[in-house]
Every structure is written in C-alpha cells, then in structure tokens.
Amino acid sequence: MVKSSVLGYPRIGADREWKKALEAFWSGKLEEAEFHNQLQEIRLNHLRKQQEQGIDFIPVNDFSYYDHILDTAAMFGIIPSRFPYEGGAVPLSVYYGVARGTKGAAASEMTKWFNTNYHYIVPELSGATPVLTENKPLAAYREAKEKLGIEGKPVIVGPLTFLKLSKGYSTSETDAWLEKLLPLYVQILQELAEEGVQWVQMDEPILVTKLTEADVQRLNTIYETFAVAVPNLNIMLQTYFESVENYSDIVKLPVKGIGLDFVHGFSGNMQSIKKLGFPKDKVLGAGVIDGRGIWKASLRTKLELLKELTDLVAAEHLIVQSSCSLLHVPVTVERETKLQSELKDSLAFADEKLQELVLLTKAISSADTEILNQLEAYDQAIQALQQSAERNRSEVQNAVATISSQEPLRSRPFTERYAAQQAKWQLPLFPTTTIGSFPQSAEVRKARQLWRKGEWNNEKYADFIREQIDIWIKIQEEIGIDVLVHGEFERTDMVEFFGEKLAGFAFTQNGWVQSYGSRCVKPPVIYGDVAFSGEMTVEETKYAQSRTKNPVKGMLTGPITIMNWSFVREDIPREQIAYQLAYALRQEVEALEQAGIGMIQVDEPAVCEGLPLKEEEQADYLAWAVKAFRIATCTVQDTTQIHTHMCYCEFHDMIDSIEAMDADVISIETSRSHGELIHSFELNTYKLGIGLGVYDIHSPRIPSAEEMTAMIERALRVLDPKLFWINPDCGLKTRGLDETVASLRNMVQATKAARAKHEATV
Ligand code: GLN
Ligand code: ZN
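According to this note's numbering, the sequence shown is numbered sequentially starting from 258.
Structure follows, in structure tokens:
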C-alpha cells in the first residue's frame, strides 16, 4: 500500500498562538511552566490535525521553541562561550540568548534557510565540545505516542547539513568535527531504535547543492556508520528545495529511503531517476505536493506522475509526501472570509495540503469514481481561476509582450546622462541622501490604525502624513542633506503598500508564515495579471517637493522585490510576473516624472533572495531581473536621475548585474558584507553613481563622524570620487528620532570633511 507522509508542519498556529506565547514569555507575562504547557498544547494540536486527516507518517521533533537548527545545536551543547552555559540541558534563558542576544552577549548570526524566507540561527562551533544534552527526537516521539497514540516519525537535521550550515571552523577541520558529532547522532538513533521507532527522517537539504568529493566521502561515512549502528531503523534520507546533485552517489547510500523533491526539483530528479533508475530495495519519498506554494495541486496530474513513478518503484516502496516541510505556508484557508471565491477555491495552505496528500494516496490504489470526482474538483477550481477576468487582462498581456521583446534602454548611455544631470542638478561633491524611510514612531503607527479602523477619515489621515513630511523635510534641510526623501510615513510595508494599489493582488487575513523566531510575515498574493490602476506615490512626493528647493526622490519598490516578497501565481513564469510588475511601475515612474519629480528611486533589496540554488540557473535569473528593473525605469528623460537601493546580499559576484541595471545612482549596504564589497570594487571599477552605506542602521548606537570618515576614505580608494554618494546602509524606519538626527548630523559632518580633503583633487 502506498502511504502518505508530511515532512514538517507550521509551528505558528492558525491564530499565531505560538508567536503570542513566545512573546508573552519573553516579556515576562507568562511563567515558564505555563509557557511549556501552552507550547505542548499547540504541538499536540498540530499532531492531532494530521492524525485526523489520516496522514501515515506524521513528523515529530519538527516543532521548535524558535528554530530547528538552533535546537540541533542546543541538543549537542553547542553554545557560544559568551553565554553563561555550563553543560547539561540548555536553559531557556541561554537558548533565547543565543537567538536574540542578551545585555552582555550578542545573538548568533541569523541567515536564510536555503532559498526560502525562513531564517535559521547559525551554529558557532568554535570552542565547543559537543555532547548530547538531551535526546529531543526521542522526547517528541514519546510524547506523540503517549498522548495521542501516534507512531511518529522523528525529524532530525542530518550531520552533513548541520556541519555545512555551521560556522566557526575551517574546512580542514570538517572531518574532525564530523568525528565529534557522529557518535552523538549514533546515540540518538540507537535510543530511538530501542524505543521501537520505525522510521526517522534525516533532513539533508544540503544534498541539492554542489558537493565536493570530500563531502560525498563524508556522506558515505555518515550513513555507513548509521547502517552499522542501527541496522533495523529505517532512515529516510530527505532532500528538498531542488533536485539532488550526485544522484548516483546518493541512491547508493545504505539507507532505507530517499526523499526527493518532485516540485522544485522536478526536472532534475525526474531525469536522474529515469536515466539511472531507482534501487529496488529502497523506498522513494516522492515530494509531489508543494510545501512552499499556496496553490491547490492538480491532483490528476500528480496522480499521473505517481503512476509514472510506480513503473520505476514498486507501489509498496512509494510514499506520497510534501515536497518539503509545510513550515513555509500558512496554516489554513478555512479562516479566510474575504477572498474572492475563485481565488479562495484555488488555495491550499498546510491543512488543505494534508487533504491533498491523503486523497492522492487513496487515489493511487483505487479506481473509485467518488475519489476520481474529488480529484476532478481540483482541476475545476484551478480552471475557474484560470478563466477569471483577473488572469485575462489582455491589454497588460499585450503591452508586456511587446515591451519585453525589446531591449529596455535609456535614450543615452550613462556618461552622457551624467553630464546632463550634473548640469541640471548642480549637486556638490559627495552628495548626501538617505534610503527613504524615516522613523515610524508610535504616533505614526497609531494614526494609521485610527485611519484603518475608520476613526479618522482620509482627509484627516492625509493631513497627518503631510505634517510628518513637513517635519522631516525641515529636519533634513536643517541637517544639510542634499537629496531629500518624503519619509514613507504612509507605508507600513514596502511591498504591501504597492500591492494594495495595483490590480492582480490579494491580501489574506491570516496567511502568516514564520520568517525568523516569532516574527511572521503575511506575504501578498499575486494571483492575477498585475496592472497599474492609478497613481500610487505621486501625491505625497509632490507635496514633499513643494516644501523644499532641494530635490526630493520619488520612492518605489522594484518589481523583483515585490515579486520575491509575495506568494505568486504559478501558471506563468516568474519572469513574466516580473515584467508585468515592471510595466505597472514604469507607469508610476512616468507619472512621477510628469509631476515634476526628477529623481526616482526604485528599491531592489530582495534581488538576492530570488537567486536560484543551482548555480547554472543564476545567470538567467539575474538577466531577467535586470531587464525588469530596466523596463520599469528606462523611459525617463536623460536629466531624470534613476536611483536604486540594495541591501543584505553577497554582492561580490553580482557587481556586473548591478551595473547592468543602469541606475544613475545606487545606494548599497556595506556594513554586513564588511570589506567584501569594497574588495569587489578593487577588482572591477564601478562606472555609475554609487553610495556605499557609511553606517549600519540596525543598531541604536550613534556612529561618530570619524568612523564614517574612515568608511568614506576606504571607499574612495576604490571608487571614482566624482560618482560617490554618501548615505546610511538602509531605511531608517525602525530607528528613533533622536538617534536618527544625531547619526545623520555626523554623516553630514564626515561628508564636509571629505569634501574639504578631496575637493581640490577631483
Ligand atoms: N526605501 C526603503 C526604506 O527606506 C528601503 C527598505 C529596504 O531596503 N529594505 O525603508
Ligand atoms: Zn535596504
């Protein structure tokens, strides 16, 4: 019999009760004992749901108090020495200290989990002596069994993935570290086997990235060790997010099952399995239901795929599963009451995906018409959305087809535009500017709430926003900034703001997903053809410009960032969605220019987040991402200055793409990428306007003018002073008023010093 399996279930709860419990505990409003109780209740509730749906392999130990990588490190007692930890089970105060920082010790670094928007805590190995502080998977297994009678499937982060995602050791020490960790893994597995556990899911997503020969060797060592130590425990070696590299090495490993992603790694995995076959003695975990997307699957198509797989793998060796953990999707569609029915009927969040898995599993071994009708209903829902007006905006489709078939070029190259812009704008050497947002004070947030609740009418709210703009235009003038911004007080979020004003978007009431720790995001849903349906930013920008003689930059979010921070439709390629967004934004750019705004910034902080995991696919993505930016910005006059902003990305192998965006000025974050970015400019000269962030905006600390001078001088060693701008690293919306003003004053002071020093020689 074919069985169904889930790789992980969202932690946050349908009502974000998990988030609320964590935050209540942190703020001291919840006692530790009660906190544990609440979390247990949430955890059991999630298991119960899967049990009720009839999932055969229910994951346990996928739940977390913060993050599963941090859990794994804590389980091995790997706690940075700056925290007061003396061995044994890690107390919650230390656990959360590592995650969030304490008064005396900085938090561990946090980074993106592969190409998702989930962030994990990077384990710091240096100085640690790994020991097993507690067998977490065992505890989770026992709990599920005792409380609910569930024969759970413990989920464990595999050793190779854990090592590869950790830092604080050099490559030459990898094997030594593996030697320290392996016995602990063995102990965990032996205890599980003794307890009677049947299946363990060993997550090794690192296997979808390129492995060195040494890593393949390590993989052999790891799984051979396990095979000897726990010969009767079934290990499902689980991969996801892409097709595996080294397929033939992986299928040879002595494990009982191999889990492959047949959604995001469909073509690669399919090719491998067809070409190289699948071992007769192994179980195939077929990840056919998308764990990351929010759409219903065409179950008939999935059934065909599974049938194709049963030609290669015996039915009793097939498990129907989600492509990855359901952590990356919201909990349930059921509570959405405001979505248009065609849209709502096409959505499947975690709970609906459980139903899909079970239905599909039944369908394989039955020809029951009732079941076939149920499958059919999925296609009907998908078809209905497909035929809706939202997906058939022919004017957008035609315009985008034409525009994207041409090369989007400014009318003249940068050097010529530069001369025209210099003549028009008469900016001083090293112009100063900021990235766009100013502090979203409690007052600003309050005003927005009152307006959203209807207690303030549009006029009152607009007056309030104008007041804020006035205040900040004055502040910027008084500090002596050259290119001003209006401050973005009317925006909660840089994507949501535009999504609410463009056609083709929908917003859920409860579509939250965990981003990091207790922080959840509710991405907009791009479900139709995106269309411009009226000016979005002109009013505020024009108002700000009317209050000052200095230039005010218009401020837009770029097409790729809007796309990467949304859930998007899957019936057309992402490239096409990007072009539709770009075309809509172009109309806003033109409207701003028409309204007399001569500098327009189109932010693209999320370009890196869409970078495909497979290196060979990255160039293509970057090419169309650049093209989308240019579609949005290329139609303005020579004298109109296009700015862009990017942050928190490994920029070094992207400089060519950044240059190809052809923005007249880019402001780019530097502090987190440290010297690396500056080093890249040593290797390649950058030929357009550029401002390297001279201070990190993530800390309330006020940087001194001297520190910023040092940054400026360092940058000037590799960048052309004529093209150099001075700005902070990113937007200032999370900062307070006083620190913002003080920091910007220092920035202007540092700029003046730099001008005095360099003016004569430029
Ligand atoms: N203009 C935006 C701001 O200043 C940019 C934010 C970002 O880069 N994430 O807030
Ligand atoms: Zn930024």
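Every residue gets a Cβ at the ideal spot worked out from N, C-alpha and C, and that includes glycine. Source: prediction; values computed, not measured.
Taking the CA atoms as reference points, Leu-642 sits about 52 Å from Ala-486.
Its chain contains Pro-665 as the residues whose beta carbon lies nearer than 7 Å to that of Lys-884, once the 5 sequence neighbours on both sides are disregarded; these appear in chain order.
The residue among Leu-417, Glu-907, Glu-343 with its C-alpha nearest the C-alpha of Val-388 is Glu-343. DSSP places Phe-498 outside both helix and strand once states are collapsed to three, so it counts as coil.
At least 9 Å separates the beta-carbon of Asn-491 from that of Gly-516. Residue environment for Ala-863: buried (at least 16 other C-beta atoms within 10 angstroms of its C-beta). For Ala-760, the closest alpha carbon among the candidates Tyr-784, Asp-750, Leu-973 is that of Tyr-784. For Gln-771, the three-state secondary structure derived from DSSP is strand.
The C-alpha of Gln-833 is placed about 36 Å away from the C-alpha of Lys-710. Note on geometry: alpha-carbon atoms of Asn-807 and Glu-499 lie some 49 Å from one another. With 5 Å as the limit, the residues whose C-beta approaches a heavy atom of ligand 2 more closely than that are Pro-862, Cys-904, Cys-987, in chain order. Per DSSP, the beta bridge partners of Thr-901 are Val-859, Ile-923.
Take Arg-339, set aside five residues on each side of it, and the residues of its chain with a beta-carbon closer than 6 Å to its own are Ala-362, in chain order. Placement of the Cβ of Gly-693 at a distance of less than 8 Å from at least one heavy atom of ligand 1 is found.
If you ignore the 5 residues before and after Phe-981, its C-beta comes within less than 6 Å of the C-beta of Phe-687, all in its own chain and listed in chain order. For the 9 Å CB-CB criterion, Ile-336 and Gly-415 do not form a contact.
Separation of the CB atoms of Met-820 and Leu-838 is rounded to 6 Å, and the pair is thereby assigned contact status at 8 Å. If you draw a straight line from the Cα of Tyr-718 to the Cα of Phe-755, it is about 18 Å long. In the displayed model, Arg-748 falls within coil according to three-state DSSP, outside both helix and strand. Relative to the non-hydrogen atoms of ligand 1, the Cβ of Glu-745 comes within a distance shorter than 8 Å of at least one. A distance below 9 Å separates the beta carbons of Ala-763 and Val-782. DSSP places Met-793 in the coil class of the three-state scheme, outside both helix and strand. Per the Cβ contact rule, the region 632-650 is in contact with the region 556-569 (3 or more Cβ pairs under 8 Å). When DSSP states are grouped into helix, strand and coil, Thr-618 belongs to the helix group. Short of 8 Å from the beta carbon of Asp-828, and not among the five residues preceding or following it, lie these beta carbons of its own chain, in chain order: Gln-643, Arg-648. A straight line joining the alpha-carbon of Pro-685 with that of Ala-1007 spans about 14 Å. Put simply, of Ala-962, Leu-949, Ser-775 the residue whose alpha carbon is nearest the alpha carbon of Cys-987 is Leu-949.
It is roughly 7 Å from the alpha-carbon of Val-501 to the alpha-carbon of Asn-526. Straight across, the Cα-Cα distance linking Thr-659 with Leu-879 is about 21 Å. In the DSSP assignment, Ala-646 falls outside any beta strand (DSSP E) and carries neither an H nor an E.
In the displayed model, Ile-576 falls within a strand according to three-state DSSP. In this structure the region 350-358 does not touch the region 415-433; the number of beta carbon pairs closer than 8 Å is below three.
The count of Cβ pairs closer than 8 Å, one atom from the region 541-556 and one from the region 504-513, stays below three, leaving the stretches out of contact.
Secondary structure at Cys-865: helix, using DSSP grouped into helix, strand and coil.
Assignment of beta-bridge partners to Phe-535 by DSSP yields no partner. Taking 8 Å as the upper bound for CB-CB distance, Arg-268 and Gln-766 are not in contact here, some 19 Å apart.
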